[in-house]
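Numbering (the working numbering), first residue to last: 11 to 146. The beta-carbon is built from N, C-alpha and C at its ideal position, and this holds for glycine as well. Here the structure is a predicted model, which means the values were calculated and not measured.
Right under this line is the structure:
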């Protein structure tokens with residue numbers, strides 16, 4: 011059985027995905043307990059959409075989206091300021107050999123989904139879609 015391929019990487023391993031989900035669930039619990047006292051995060055609900063782990067599981071990129079979509083740069087900046095605190099809380103919650111370093115970034119998938127939905131609402135695209143269904 012071939013273990014390593016010489017071609018392109020095929021994406022994250024099952025281990026990375028599992029560790030990412032474990033980290034995401036634990037971070038959600040820590041953030042839900044309102045343990046972060048920061049005026050930039052006060053009253054702003056934050057959705058943690060995905061956590062991508064590095065192959066060695068020592069680094070995690072956390073994708074966040076503040077509900078309402080406003081002032082996302084302020085929220086991401088505040089979360090990155092408190093990354094060490096969150097890492098410490100995370101280390102008490104999860105059982106992993108290493109607690110990953112956390113980096114928070116804004117999740118663009120919601121904006122992309124809105125853009126694609128707006129394209130579907132465009133009359134020209136709707137006309138093309140309607141003509142495609144009549145051909146089948």
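How far does the beta strand (DSSP E) with residue i in it extend, from its first residue to its last?
i: residue 75; result: 69-76
i: residue 115; result: 111-116
i: residue 63; result: 56-63
Pop quiz: residue i and residue j are said to be a contact at Cβ under 8 Å. What is the actual Cβ separation, rounded to whole angstroms?
i: residue 30; j: residue 62; result: 6 Å
i: residue 56; j: residue 85; result: 6 Å
i: residue 22; j: residue 54; result: Going by Cβ atoms, the distance from residue 22 to residue 54 rounds to 29 Å, so no, they are not a contact pair.
Closest to residue i by CA distance: which of the options is it?
i: residue 51; options: 89, 65, 103; result: 89
i: residue 117; options: 60, 133, 131; result: 60
i: residue 42; options: 82, 49, 58; result: 58
i: residue 49; options: 119, 34, 81, 128; result: 81
Can you list, in chain order, the residues of its chain with a C-beta nearer than 7 Å to that of residue i? Leave out the 5 residues immediately preceding and following it.
i: residue 112; result: 70, 72, 93, 96, 97
i: residue 109; result: 97, 100, 101
Who are the near neighbours of residue i in its chain, counting only those whose CB is closer than 6 Å to its CB and skipping five residues on each side?
i: residue 114; result: 72, 74, 86, 89, 90
i: residue 25; result: none
i: residue 36; result: 100, 103, 104
i: residue 65; result: none
For residue i, collect the residues of the same chain with a Cβ closer than 8 Å to its Cβ; drop the 5 residues on either side in sequence, then sort them by chain order.
i: residue 32; result: 104, 106
i: residue 34; result: 58, 60, 61, 72
For the alpha helix (DSSP H) holding residue i, just list the boundary residues, first then last.
i: residue 21; result: Element bounds for residue 21: n/a, residue is neither H nor E.
Taking CB distances under 7 Å as the criterion, tell me whether residue i reaches chain C.
i: residue 35; result: The structure shown contains no chain C; it holds only a single protein chain.
| message | For a minimum of 4 consecutive residues, which ranges assigned as the alpha helix (DSSP H) are wholly contained in the region 81-108? | response | The DSSP assignment places complete alpha helix (DSSP H) segments of no fewer than 4 residues inside the region 81-108 at 82-91, 93-103, in order along the chain.
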